[in-house]
Every structure is written in structure tokens, then in C-alpha cells.
Amino acid sequence: MDLEDIVKDAIYYPINDTNRFIRLAIPNIILGLLIGLITLLGMGYLLQPNNISDLIYMTTGLSVILLLVVLIVVALLDSGISLDVIKNTINHNNSLPELDVKNDLVMGFKSFITILIYVLIPIVIYLVVVFLFAALMSNASESAIAVIVVIITIVFYVVIFIISLLMPVILGTLARTNSISQSLQIDNIWNIAKQIGLLNLFIMALIIAVCGFIVSLLGSFVSFIPVIGNIITIGFLYTYLMLFSARCNGLLFNKQFERQNQYQQYNQQNYDNQQYNQEANYYPQDNQMQNNQQESNPLDYGNQNSSNQVPTKTCIACGFANPEDAKHCGNCGKQL
Numbered sequence: 021m022d023l024e025d026i027v028k029d030a031i032y033y034p035i036n037d038t039n040r041f042i043r044l045a046i047p048n049i050i051l052g053l054l055i056g057l058i059t060l061l062g063m064g065y066l067l068q069p070n071n072i073s074d075l076i077y078m079t080t081g082l083s084v085i086l087l088l089v090v091l092i093v094v095a096l097l098d099s100g101i102s103l104d105v106i107k108n109t110i111n112h113n114n115s116l117p118e119l120d121v122k123n124d125l126v127m128g129f130k131s132f133i134t135i136l137i138y139v140l141i142p143i144v145i146y147l148v149v150v151f152l153f154a155a156l157m158s159n160a161s162e163s164a165i166a167v168i169v170v171i172i173t174i175v176f177y178v179v180i181f182i183i184s185l186l187m188p189v190i191l192g193t194l195a196r197t198n199s200i201s202q203s204l205q206i207d208n209i210w211n212i213a214k215q216i217g218l219l220n221l222f223i224m225a226l227i228i229a230v231c232g233f234i235v236s237l238l239g240s241f242v243s244f245i246p247v248i249g250n251i252i253t254i255g256f257l258y259t260y261l262m263l264f265s266a267r268c269n270g271l272l273f274n275k276q277f278e279r280q281n282q283y284q285q286y287n288q289q290n291y292d293n294q295q296y297n298q299e300a301n302y303y304p305q306d307n308q309m310q311n312n313q314q315e316s317n318p319l320d321y322g323n324q325n326s327s328n329q330v331p332t333k334t335c336i337a338c339g340f341a342n343p344e345d346a347k348h349c350g351n352c353g354k355q356l
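If you number the sequence shown the way this note's numbering does, the last residue is 356 and the count never jumps.
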């Protein structure tokens, strides 16, 4: 499956089952509703007199705390749902997953920990290296220090960029193995990425980014509608983008198996050809047929299957097949 087929499949995937899509969108619908209501409360705080605005201010403060809690829960659920989609895709299950709050929270937490480790380690190394160079080069000029910091920063962003390209492989490994430790094996992740193709990973990242921009643009037009605009943008458009991206990543992850299957089919074909050649006693290296069967006796006239049969003369009296140059029948002795 090439990238064009992957994108076409992923476009229709979220809307194949409308009922499941709506159920999967419930967490984001709740989040959009809450954001819309808090926005209305904030507008009321600005428009109402002081005695009422104080009450609205307190309500808005509590609502913001509630929003943060809901935001964390929904983010974990969305991450878990994305892993479910990737896992189903890897297992060649083309249906949308069911919303399983407990399982999605657990898988979302694993996804968060995995991504945090991949992002946090380069950040820590970057900060340590920057401060270390700054301490060692305290007597150097500011321009020299600035140049070194810029170089280190560029290297840091290159590493982050590579990690972002590898994210479909990282999440695919996590979804397939359900193991954080497996998803942290850099050598295995890199080998899978090479099998998929780094260019394919880069192009798919661009496609998903463009689709995200389009969805954000559509959301900006409907977000002006109070509450309903937030529900449409976060509840439906973002859910669609989430399922689309997860489906793309899952299908892209499966490209490694396509190449492995092609390699196995190639080896199997060579093996089958070798078996066929052995059965036919054919050896390609000398480009000739070697017949291991025992040569048939030309005088064995009863061997009707021999490929070296000689012309015969049949006796009229007894029907025995004699050689063509025979004068008398070898069976009855009569003259032929």
C-alpha cells in the first residue's frame, strides 16, 4: 500500500461507523462544551456589574480548575483511543475501536510516559551541555559562547525533528507490544523506520500537518458560534483528525511487514524453483538435464514406456514383437 492509498483509506476510516465515531467523540464533546461554557462565563464577568461579576469570577476560577482536570483526562483518553486505532490497524482490523475508558486511560498514560521520555532526555542533555560549555568557556568572548550555543541548539532541534519523524514507529511499537520498554529500544525503532522508509515518514508527517492546518482553519470559522462552535471544533473536527492521523500511522507502520512479506515471498519462490529443478533433475549451473534413471534395454520389447523404443516386426502367428531385422520369430520360430 503506497502513501496515496494510505491517505485515501484514512480519510474514510473515521466515518465508516457513525455510531462508534460519536461515542469516541464523547470526551472531546464534553471538553468543547466545558470550554464554551467557561468562555460565556468570562464574557459575563466582563459585562456584568461588580456585585455580580465577583460571583462570576469565583465560578470562573472553579471552572478553570475543573477544565484543567477534564483536559488531562481527555488528553489521556484521546491518546489511548489513538493507540487502539493503531493496534487495530496493525492487526488488520478495519473497524473503529469501542470507547473503553479504563483501557484508554491506561494506554494513554503509557503513551504519555513514552513520549515524555523521548522528549525529556534530549532537553536534559541540551541544558547540561549548554551550562557545561558556559562554565568551561567562562573566559571566552560572548560571541564565541553564542556561536557554540547556537550550534548546540541546532543539533537539539535536529534531534527533536528526528524523534517526531520516528513517532509513528514508536507509538506503533507501543500499540503492538503494549510495552514501554519495547518502544524505548532505539536500535529496533531505527531499524523499523528504515524498513518503512524515512522519506515515507517525512511525507506522512507533512500530510498530517497539512490536514491539521485545514481542520484548524475550519474550526476557526465555526468557533465564533458560542458553545456549539467549540463542540463542533473540538468534539467532531479534532476527533476526526485524531482518528485520521492514527489510521495513517498504523497503515504506515504496516509497510515494514509488506517489505518483509515481499522478501519472504521472494525467498519462497526461489526455494520452490530449486525444488522444481531438483525434481526435474535440472541443474542451472551447468544448464543441462541429467537423467538419473537407468537406461532401458532396447531388446526389452515388453517395456512400452521406454523412450528409446526401436522399430518392431510383429509375428503373424503369435503376435510377438520382433526386431525389424529379424528373419524368424523369437517366440515361435516361424519365418517372418
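For glycine and all other residues, C-beta sits at the position ideal for the given N, C-alpha and C.
Everything numeric in this text was worked out from a predicted model, so none of it was measured.
CA-CA distance, Ile228 to Ile143, rounds to 25 Å. Beta-bridge analysis with DSSP links Pro343 to Thr332. Contact check for Gly239 and Leu226: beta-carbon distance about 20 Å, past the 8 Å limit, so the pair fails to qualify.
Take Ile209, set aside five residues on each side of it, and the residues of its chain with a beta-carbon closer than 7 Å to its own are Leu186, Val189, Ile190 and Thr193, in chain order.
In this structure, Met157 lies near Ala164, with their beta-carbon atoms less than 8 Å apart. Cβ contact annotation for Leu51 (same chain, cutoff 7 Å, sequence separation greater than five): Val90, Leu91, Val94 and Ile254, in chain order. Here Leu57 is not near Val175, since their CB atoms are 8 Å or more apart. The three-state secondary structure of Gln205, taken from DSSP, is coil.
Separation of Leu147 and Tyr138 (C-alpha to C-alpha, rounded to the nearest whole angstrom) is 15 Å. When the Cα atoms are used, Asp25 and Tyr260 turn out to be separated by approximately 18 Å.
Closest in alpha carbon position to Asp98, among His112, Asp124, Asn113 and Leu116, is Asp124. With a contact defined as Cβ atoms closer than 8 Å, Ala195 and Ile110 qualify at about 7 Å. Cα atoms of Ala154 and Pro47: separation of roughly 47 Å, rounded to the nearest angstrom. Residue range Glu162 to Thr197 is occupied by the alpha helix (DSSP H) that includes Ile190. The Cβ neighbour count for Phe181, taken over all protein chains shown within 10 Å, is under 16; the residue is labelled exposed. When the beta-carbon positions are compared, Val169 and Val150 come within less than 8 Å of each other.
DSSP, read as helix, strand or coil, puts Ile245 in coil. In the assembly as shown, Leu96 is a buried residue. Its beta-carbon has 16 or more other beta-carbons within 10 Å. In terms of Cβ geometry, Cys231 and Phe277 do not form a close pair [threshold 8 Å]. Counted as a single uninterrupted DSSP element, the alpha helix (DSSP H) harbouring Ile145 occupies residues Val121 to Leu156.
Per DSSP, the continuous alpha helix (DSSP H) segment holding Ile31 begins and ends at Leu23 to Tyr32. For a cut-off of 8 Å, the C-beta gap from Ile106 to Asn269 is around 6 Å, short enough to register as a contact. Under the 10 Å beta carbon count, Met21 is surrounded by fewer than 16 other beta carbons and is classified as exposed.
Taking Phe222 as the centre and dropping the five residues before and after it, the same chain places the C-beta of Leu185 closer than 7 Å to its C-beta, in chain order.
Shortest Cα-Cα distance from Val27 to any of Asp345, Cys335 and Leu272 involves Leu272.
Comparing alpha carbon positions, the residue from Tyr177, Thr38 and Val242 closest to Pro117 is Thr38. From the listed residues Tyr33, Leu53, Asn36 and Lys130, the smallest Cα separation to Ile200 is found for Lys130. Counting of Cβ neighbours within 10 angstroms places Asp345 among the exposed residues, the total staying below 16. Closest by C-alpha distance to Phe41, out of Asn211, Ile55, Ser102 and Met224, is Ser102. No Cβ-Cβ contact shorter than 8 Å links Leu61 with Leu87. Judged by DSSP secondary structure, Asn269 falls within the alpha helix (DSSP H) whose first and last residues are Tyr258 to Phe273.
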